[in-house]
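Counting in the numbering used here, the sequence shown tops out at residue 66, every number present.
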Amino acid sequence: MCSHLLELRNKKEDQQMFSDCVNQAQTEEVTKKQARCRIYAVNKQEYWIRCRTGEPRSPDIK
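If you want it as structure tokens, here you go:
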């Protein structure tokens, strides 16, 4: 999930951003459904807004 976010931000090599993302996800207690949604998000808006509820754009992601 965090690796995908860095890809969307074009920051693949930024280890500090990756660590911050992991820590934030643990603090927020991201559900498995939200994590899967974020892994398949096509852009940053979907990653943050649509996946907040755990509902991906594609209905085939469960």
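Just so it is clear, CB atoms sit at the ideal spot from N, CA and C, and this is done for glycine as well.
With contacts defined by Cβ atoms closer than 7 Å, Cys55 and Arg42 form a contacting pair. Counting only residues of its own chain and dropping the five nearest sequence neighbours on each side, Val34 has no CB closer than 6 Å to any other CB.
Across the structure, Asn47 and Leu9 are spaced so that their CA atoms are roughly 9 Å apart. The Cβ atoms of Met5 and Ala45 do not sit closer than 7 Å to each other.
Between the C-alpha atoms of Ala29 and Trp52 there is a straight-line separation of about 12 Å.
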